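Residue numbers (this note's numbering): 9 to 376.
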């Protein structure tokens, strides 16, 4: 466990607004986070980190794990826990997320400091962990980048790609993660896993989704040399500190799907995220790729290939898998929404985005 800061020492330079909280108010009783129980836990596991009474804000815009900014005294930290209600097996693993962040703290990959983890539901009713409120902004919209100008936007995009290169260059054994996953057969297991996740959230017919799965299952390619895979790498899962024009990536967030495997799955997913703004369906997805100065898809691939030395070859399978994975994730969120098990706003339109993702996935694999 990382030692908490000394009394009077800040835990990070970010304001809660940097995490997308907007105008939501602090609460002594946020959904899914009993603060008295959390305060008792922190007093035991990270004494001096926060001073009761605690208040918390639920980070707006989260569609999966619940993320809170918790404040006590002069300090604030981040608390992460699984979503309420319907939770698919193997998803939302707080202990794994905490482990990989902690392991990467002394590498070139920027991550928040971690302070404590609870692996069971004995404290707040679910596993959770506590980490630093790191400085920076998670840019999600082109409109948020445009005031910076094309030059700075390009630099941010380049640093995003370079951060992915840095992650894939980390030796898992050197940071204690040699047993964090099973690289052999990774792609085949990914296809099976996301089909299982889909079956666990089926509540309606989704045109083409079984056809896409069948193609992926029949066309698994040879795997690239393994690496630590983030599993959801995109700009709004990074914090960028724009103070005084420095535009540096200060933290990579949302590691819930991290494992050891084929790093081209991260590359394919990043390419798919660049295309999402043009798909329609109203998912409220990031459209940063539309900002002037943002690298085009080929430029992103060229920069990654140059930095990593990896052979990108034909990415059709990886693109198809990325579209399938995102469609399954959104279908799971749609299911929780229909069951009244989501917290916050912005869920009503999620379901409409699933079929456009599937159609794009079928198009990507048929271009092979």
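Ideal Cβ placement from N, Cα and C applies to all residues, glycine included.
This one's a predicted model, so the numbers in the text were calculated from it and none came from an experiment.
Item: So if DSSP puts residue 80 in a beta bridge, which residue, or which two residues, is it bridged to?; Value: 83
Item: Using a threshold of 8 Å, state whether the C-beta atoms of residue 121 and residue 140 are closer than that.; Value: yes
Item: Less than 8 Å between the beta carbons of residue 90 and residue 66, yes or no?; Value: no
Item: Could you check where the alpha helix (DSSP H) with residue 140 kicks off and where it finishes?; Value: Looking at the DSSP string, residue 140 is not in any alpha helix (DSSP H); the run it does join, the beta strand (DSSP E), is 136-140.
Item: Between the C-alpha atoms of residue 303 and residue 297, what's the straight-line distance to the nearest angstrom?; Value: 7 Å
Item: Can you tell me which of 204, 246, 222 and 272 puts its alpha carbon nearest to the alpha carbon of residue 232?; Value: 272
Item: Drop a sphere of 10 angstroms on the beta-carbon of residue 103, count the other beta-carbons inside from all chains shown, and report buried for 16 or more, exposed for fewer.; Value: exposed
Item: At the level of alpha carbons, what is the spacing between residue 79 and residue 350?; Value: 23 Å
Item: On the CB-based measure, 16 or more other CB atoms within 10 Å of its CB, does residue 264 come out buried or exposed?; Value: buried
Item: Any idea what DSSP makes of residue 9, helix, strand or coil?; Value: With a pLDDT of only 37 at residue 9, under 50, the local geometry of the prediction cannot be trusted, and no value is derived from it.
Item: With three or more beta-carbon pairs closer than 8 Å as the criterion, would you say the segment 213-230 touches the segment 128-136?; Value: no
Item: What's the C-alpha gap between residue 241 and residue 216?; Value: 25 Å
Item: Taking C-alpha atoms, which residue in 47, 49, 44 and 73 lies nearest to residue 261?; Value: 73
Item: Going by alpha carbons, who is nearest to residue 124 out of 174, 253 and 56?; Value: 56
Item: Can you give me the C-alpha to C-alpha distance between residue 179 and residue 155, rounded to a whole angstrom?; Value: 38 Å
Item: Does DSSP put residue 88 in a helix, in a strand, or in coil?; Value: strand
Item: Just mark residue 148 as buried or exposed, buried being the case when its beta carbon has 16 or more other beta carbons within 10 Å.; Value: buried
Item: Which parts of the segment 331-367 are runs of the beta strand (DSSP E), unbroken and 3 residues or longer, counting only runs that do not cross its ends?; Value: none
Item: Tell me, please, which residues DSSP counts as bridged to residue 126.; Value: 136
Item: For the segment 239-320, which segments carrying the beta strand (DSSP E) assignment without a break, of at least 3 residues, lie completely within its bounds, in sequence order?; Value: 246-249, 256-260 and 267-269
Item: Distance check for residue 333 and residue 360, CA to CA, integer angstroms please.; Value: 16 Å
Item: Using a threshold of 7 Å, is the CB atom of residue 272 nearer than that to any non-hydrogen atom of the ligand MN?; Value: Only the bare structure without any ligand can be found here, which leaves the ligand MN out of the picture.
Item: How many Å lie between residue 277 and residue 311 at the Cα?; Value: 16 Å
Item: If you drop the 5 nearest sequence neighbours on each side, which residues of the same chain put their C-beta closer than 7 Å to that of residue 196?; Value: 228
Item: Quickly, what does DSSP pair residue 237 with across the bridge? List them, please.; Value: 267
Item: In whole angstroms, what is the alpha-carbon distance linking residue 238 and residue 105?; Value: 10 Å
Item: Check residue 24 in the structure and name its three-state DSSP category.; Value: For residue 24, the predicted model reports a pLDDT of 35, less than 50, meaning its position is unreliable; a value from the coordinates is still stated below. Note: residue 24 maps to helix in three-state DSSP.
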